[in-house]
Structure formats: C-alpha cells, structure tokens
Amino acid sequence: MNRRTRVLIDRAERAWGRQEWARAADRYERLLAAEPDHALAGQWAFDAALAHKFLRDWRKAFAVGRQAAALVPPPGTGDPAHWNLGIAATALGEWETARASWRAYGLDIAPGTGEIDQDFGITCVRLDTPEGKEVVWARRICPTRAVVLNVPLSPARRFGDIVLHDGAPEGERVMGGHTYPVFDELLLWRASDMPTWTAEVTAPAEADFDALETSFTARDFALEATAGIRMLCGCCAEGRVEQERTSGHGVGVGVRIAAPEAEARSLLNAWADMGDTRSWTDLVAV
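According to the UniProt record's numbering, the sequence shown is numbered sequentially starting from 1.
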C-alpha cells in the first residue's frame, strides 16, 4: 500500500468518524478509483454507498451501491451491500435491480416485475416529521417499505402513507407477547391523500368504542383514541417498550380519524344511532 492510499484511508476514516458523510464518500470513491483491485475495495464501495444513503442522495447511493454489490461474496450470503443497494433501488423505483438485490441478499421475493407488493408482516416505523420523531404501526409491503396503519399526530403525515425505512432496527415494541422491530424512516416514498380529522365521542362502554373503531377499520379507514398516545424520551423510544391496547370508552373521548369527510360523518352517525347513550361532536380537519 503506497503512501497516497494510506493518507486517503486515514482521511476517509476521520471524516466517517466525524459523520462528515459527503467528505467520507468522496475519499472512499477516490480510493476506489485509484485502486479498484485492492483487497479493501469492496469495503470502500460499501462505505461510500452508505454515506450517500445517510445523505439521502439516492442516485449516488445506487451507482456506488452497484459497485459494492459486485465486489462482495456470492449471492445468498446475506451481505449488507445487497441490502443497501435494494434500498437505493427502491427509492428510485429501479424495480429490476431491487428484486435482484433482495434475492442476492437471500430473501424470497415473489416472481414478477415492477413495484413489489408482498406481505412482509407488521412492524413499527419511526417517522421523521417536522414536529419530531413519531413511532407508528405499519404493514411491510417489501423489505424496505411499509404502509402506515395509525393516524399520525403530525399534520404532515397521513394514514396510508408509504414510507421507505432503514434495514437495521432501532428499538422494539412488545404487544400481546410478540416483539416487533422499530425501523427509522428514510423517505416518505408515497404520500396518502386520506384526510385526518379529530372529534370527541361518548362511548359509555368498551364495547361501544370497539364497535365504532370496527366500523371504520371495516371500510379500510381508521379511528383511534388519543388516550392511547404515549410520549417517550429519545432514549426510551429507541429501547424495548411494552405496549397495551387502550380502550377509548368514556365521555368526551378525543379521537383521531382517517377517512373522507362524508364517510366519517356517516359512520359516526350510524354508530350513534345504534345506542341511546352514544354521541359524537366537533369533527375538525387536521
């Protein structure tokens, strides 16, 4: 290894340690250009692609990620270079490369072309909103995308949003004896047009609230009691958190609703008409 290479490695590692991602990516790419056959070339390409991912520069992450994937062990070995390339390819809608990357990593991707839409189970995603971080439940439709199943607190987010998320979980949520990973959002991949509303309901018994909630979910909408929202510090939120389902029954219970206005009013009215002690008021757009 010549002196110039040692200097570049040192500068790249120092930039990485300081989280100067643009500088680190530049140094690693210069190393790749200078010594493409070096034993560390695969690691340099991986680190450069990862730095571009941190910068959300998906085109560069994709281009350098392809170099990294070409320099790693044979497909099926679970090498993270394939995963990172899959993320970048998905961000750009490069579906052929995304499918090939997930398969090269060792995942079972159904045959087909175009956008991947499979059932990868339920998970949690930490949204990155203008108001701060918010953890929501979501349904994974590919290894790196998930559909939001909650009604987010942030006005910038919606029930049904599709988010691109990272591959390494940061925290866990435990519910009903099952543990679910929490993945950090990387990108709002496709925004939902489902409106968000707040309202107050009077549901005297738990069965009353359950009936209201079910009437919305049966139509692929959502209604949630604000009483179930928990505020956590960053340290706790990134750890293991036990969660329990919270009933929204009571008088003047605040709820958040995801549904078109006409359907929301219709469902609320139909529910209230089914019980003398049920009522609702103050449907307000968020």
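C-beta: ideal position from N, C-alpha, C; glycine also.
All values reported here derive from a predicted model rather than from experimental measurement.
With DSSP collapsed to three states, give me the class of residue i.
| i | result |
| --- | --- |
| F183 | strand |
| H82 | helix |
| V151 | coil |
| S101 | helix |
| L107 | coil |
| H52 | helix |
| I9 | helix |
| V59 | The sequence as given places Arg at residue 59; Val does not occur at that position. Reduced to three states, the DSSP call for R59 is helix. |
| E206 | helix |
| G248 | coil |
| A146 | strand |
| E213 | helix |
| D37 | coil |
| T77 | coil |
| R158 | coil |
Classify residue i: buried if its beta carbon has 16 or more other beta carbons within 10 angstroms, exposed otherwise.
| i | result |
| --- | --- |
| R66 | buried |
| V125 | buried |
| T90 | buried |
| T179 | exposed |
| R3 | exposed |
| T196 | buried |
| V251 | exposed |
| R256 | buried |
| E206 | exposed |
| A49 | buried |
| T281 | exposed |
| V135 | buried |
| P73 | exposed |
| P155 | exposed |
Tell me the rounded alpha-carbon separation between residue i and residue j.
| i | j | result |
| --- | --- | --- |
| E172 | E185 | 15 Å |
| P152 | A24 | 35 Å |
| P169 | A191 | 23 Å |
| P36 | Y28 | 11 Å |
| T123 | P181 | 6 Å |
| P204 | V286 | 26 Å |
| A33 | K60 | 15 Å |
| W194 | V284 | Note on residue identity: the sequence assigns Met, not Trp, to residue 194. Roughly 14 Å between the two C-alpha positions. |
| A259 | P75 | 44 Å |
| A22 | W83 | 21 Å |
| E96 | Q19 | 32 Å |
| N150 | A110 | 27 Å |
| I141 | A81 | 21 Å |
| E261 | G176 | 33 Å |
| F120 | W137 | 13 Å |
| F62 | A51 | 11 Å |
| R145 | F183 | 10 Å |
If I'm right that residue i touches residue j with Cβ under 8 Å, what's the distance once you round it to whole angstroms?
| i | j | result |
| --- | --- | --- |
| H249 | F209 | 4 Å |
| G106 | G132 | Contact flag wrong, Cβ pair sits at about 35 Å. |
| R265 | T202 | At roughly 16 Å, the Cβ-Cβ gap does not stay under 8 Å, so R265 and T202 are not in contact. |
| K53 | A15 | The pair is not a contact, with the Cβ atoms about 16 Å apart (cut-off 8 Å). |
So with Cβ pairs under 8 Å, would you call residue i a contact of chain D?
| i | result |
| --- | --- |
| W280 | Judged by its chain identifiers, the structure shown contains no chain D, having just a single protein chain. |
Q. Would you say the segment 6 to 21 touches the segment 31 to 48, given that touching needs at least three Cβ pairs under 8 Å?
A. yes
(Q) Does the structure place the segment 99 to 115 close enough to the segment 153 to 162 that three or more beta carbon pairs sit under 8 Å? (A) no
Q: Report yes or no: do three or more beta-carbon pairs, one from the segment 211 to 229 and one from the segment 113 to 123, lie closer than 8 Å?
A: no
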